[in-house]
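Below is one structure, written out as structure tokens; comments come after it.
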Amino acid sequence: MLAEHYLLIKQIHIGLALLSGGLFVLRGLWVLLLGKGGNLQKGVNRISYLVDTCLLLAAVLLLAVLSFVPLSAAWLQAKLLLLVLYVLFGVVAFRAQHSLAVRWLAYIAALLCFAGMYYSARLHQPFAGLLAGAVS
Ligand code: HEM
């Protein structure tokens, strides 16, 4: 039954991925340029957590339809590794205890990880195919 809706779920997954990335860009610029505070910022953060939860839920549905076979694919393993790095860099970028320079660097590194996840998925190539020459 889920399989019938595979393409729809994939489109939703892609749409949520783009929305999640857009919200991350917005939240990062907001907190790094203007600092923390305000109910509007808290509201945007909550929407962002909700979008991320739905994005991962859609990912699990896609995997379930594909009987979890893609977990052995290099592009998906690279995507999961980049996801962990993205979360870690994101934590540093949003933590006020680090210097502003470190937070900006972490923010940019997180955005690069995000782009890596997006294009690795789109191209079905680990690290968006950038390491193809080095690995083969
Ligand atoms: C737990 C995390 C994730 C898992 C397990 C996962 C899994 C999957 C799976 C199984 C597909 C279907 C691939 C296919 O049809 O061949 C897919 C597609 C896709 N994912 Fe994810 N995903 C995750 C997170 C993300 C994130 C964070 C992004 C955004 C940066 C993303 C972007 C995409 C894109 C763009 C596609 C479409 C690929 C295509 O055009 O075929 N995914 N994902």
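Counting in the working numbering, the sequence shown runs from 2 upward without gaps.
A virtual CB, placed ideally from N, CA and C, is assigned to each residue, including glycine.
* Asked: Comparing the CB of residue 119 with every heavy atom of the ligand HEM, is any distance shorter than 7 Å?
  -> Yes.
On the three-state DSSP scale, how would you describe residue 1? What is shown of the chain runs 2 to 137, which leaves residue 1 out entirely.
Problem - Residues near residue 14 in its chain [Cβ-Cβ closer than 7 Å; skip 5 each side] - result: 56, 59, 60, 63
| message | Measuring only the C-alpha atoms, how far is residue 36 from residue 112? | response | 19 Å
Quick test of your reading: residue 144 and residue 3, contact by CB under 8 Å. State the CB separation rounded to the nearest angstrom.
Absent from the structure is residue 144, since the part of the chain shown begins at 2 and ends at 137.
* Quick one: residues in its chain with C-beta nearer than 7 Å to the C-beta of residue 129, no 5 flanking neighbours on either side, listed in chain order? => 117, 120, 121
The alpha helix (DSSP H) that contains residue 3, what's its start and end? Unbroken run through residue 3: none, as it is neither H nor E.
Checklist line | Near the ligand HEM: residue 90 beta-carbon under 7 Å from a heavy atom | finding: no
Counting C-beta neighbours from all protein chains within 10 Å, is the total for residue 10 16 or more, i.e. buried, or is it exposed?
buried
*Beta-carbon proximity list for residue 90, same chain, < 8 Å, skipping 5 on both sides*: 107, 108, 110, 111, 114
Review point. Any chance the CB of residue 23 is under 7 Å from a heavy atom of the ligand HEM?
Key: no
| First through last residue of the alpha helix (DSSP H) which encompasses residue 37 | From DSSP, residue 37 is part of no alpha helix (DSSP H); its letter is neither H nor E.
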